[in-house]
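To convert, count from 1 in the sequence shown and add 1; that's this note's numbering.
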Amino acid sequence: MRIASVGLHHGEEPILVQSSGSGTIFFTGCSLHCPACQNQDISQARSPHGVVVTVEQLAAIALDLERQGAININVVTPTHFAPSIAAAITLAKEHGLSIPLVYNTSGYESVESLALVDPLVDLYLLDIKTVDSEVARLWCGSREYPEVIMRVVRWLAERRLVTEIDENGALTGTLVRHLIFPGTFSATMQFLHWYANTFASHSWLSLLTHFWDPTDGRRSFVLSASQYAQLIALLKELGITRGYLSDPYGASRWIGDLV
Ligand code: SF4
Numbered sequence: 002m003r004i005a006s007v008g009l010h011h012g013e014e015p016i017l018v019q020s021s022g023s024g025t026i027f028f029t030g031c032s033l034h035c036p037a038c039q040n041q042d043i044s045q046a047r048s049p050h051g052v053v054v055t056v057e058q059l060a061a062i063a064l065d066l067e068r069q070g071a072i073n074i075n076v077v078t079p080t081h082f083a084p085s086i087a088a089a090i091t092l093a094k095e096h097g098l099s100i101p102l103v104y105n106t107s108g109y110e111s112v113e114s115l116a117l118v119d120p121l122v123d124l125y126l127l128d129i130k131t132v133d134s135e136v137a138r139l140w141c142g143s144r145e146y147p148e149v150i151m152r153v154v155r156w157l158a159e160r161r162l163v164t165e166i167d168e169n170g171a172l173t174g175t176l177v178r179h180l181i182f183p184g185t186f187s188a189t190m191q192f193l194h195w196y197a198n199t200f201a202s203h204s205w206l207s208l209l210t211h212f213w214d215p216t217d218g219r220r221s222f223v224l225s226a227s228q229y230a231q232l233i234a235l236l237k238e239l240g241i242t243r244g245y246l247s248d249p250y251g252a253s254r255w256i257g258d259l260v
């Protein structure tokens, strides 16, 4: 495996970070090649960034993150290394790893790959980019993305029936993330209808409303005031209350308080 960076990360949703941070391991490479990827320097297949690690070294890294106070192990863009990650986490658990595993994925993967790691995963942090094939072509570089993600969601819906906070204060189940791309508001409304009908009863939702522009490195709020109000009204209409919505200032707000 090649890993690009390791550390305690405080930029995830509040429940994943709490006071001491998420033990985040970013892998080099990705199964998708989104043109506006924020991590282009590490996500592209031929990226020279990072170091090669063995299963034993990754297990040691996970244990070290727990010693530093991480509340979970958060593997980011793990898909292409799934078999080795499963082996490393299994080994780390044999040596005392006790914090939950967060599988932080775009969902552009096979269910066979997920089945390898599923017994070890406490929370799927599932980035659902769109269910519209034209938006997927433009923003993910793959028209097939909706087909792939829907297969993954069907598979998860059969296995992860409940998302809840466990007795240790950790979120277990699935947290679906959806970043609104500029100019794709109607596709987000379509996504929310689909989500409400298929997966909302099984998961929490995190709606991200700030977009990082790779051409100038600026981050900006992608919605007008009226679109933001429509978004909140639709969440209410669809009965989606569990999860987070980033407000115009970038703060993560609990959706239930807004609707
Ligand atoms: S799925 Fe995420 S990490 Fe991979 S290319 Fe797209 S934005 Fe980048």
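Note that beta-carbon positions come from the ideal geometry of N, C-alpha and C, so glycine has one too.
Practice problem: Count the other CB atoms, across all protein chains shown, that sit within 10 Å of the CB of isoleucine 166; report buried if there are 16 or more and exposed otherwise. | Solution: exposed
Practice problem: Taking 7 Å as the cut-off, decide whether the C-beta atoms of threonine 164 and serine 134 are in contact. | Solution: no
Quiz item: Which value, in whole angstroms, describes the spacing of the CA atoms of serine 20 and proline 101?
Solution: 16 Å
Quiz item: DSSP three-state call for valine 52: helix, strand or coil?
Solution: strand
Quiz item: Just the residues with CB closer than 6 Å to a heavy atom of ligand 1, in chain order, which are they?
Solution: Cys31, Leu33, His34, Cys35, Cys38, Asn40, Ser44, Thr78 and Ser107
Practice problem: Determine contact between the region 105-121 and the region 69-88, defined as no fewer than three beta-carbon pairs at a distance below 8 Å. | Solution: yes
Quiz item: Closest to glycine 184 by CA distance: which of Glu113, Leu224, Asp214 and Gly30 is it?
Solution: Leu224
Quiz prompt | Candidates Gly244, Ala171, Thr175 and His194: closest to tryptophan 156 by CA position | solution = Thr175
Practice problem: Tell me where the beta strand (DSSP E) around glycine 184 begins and ends. | Solution: Note, glycine 184: premise wrong, no beta strand (DSSP E); not H, not E.
Exercise. List the whole-angstrom C-beta distance separating leucine 127 from arginine 178, where the pair is believed to meet the contact cut-off of C-beta under 8 Å.
Key: 7 Å
Quiz item: Of all the options Phe82, His34, Ser48 and Thr131, which has the alpha carbon lying nearest to the alpha carbon of methionine 190?
Solution: Thr131
Quiz item: Taking one C-beta from the region 145-152 and one from the region 106-115 each time, how about it: are there three or more such pairs within less than 8 Å?
Solution: yes
Quiz item: Apart from the five residues just before and just after glycine 8, which ones in its own chain have a Cβ nearer than 7 Å to its Cβ?
Solution: Thr25
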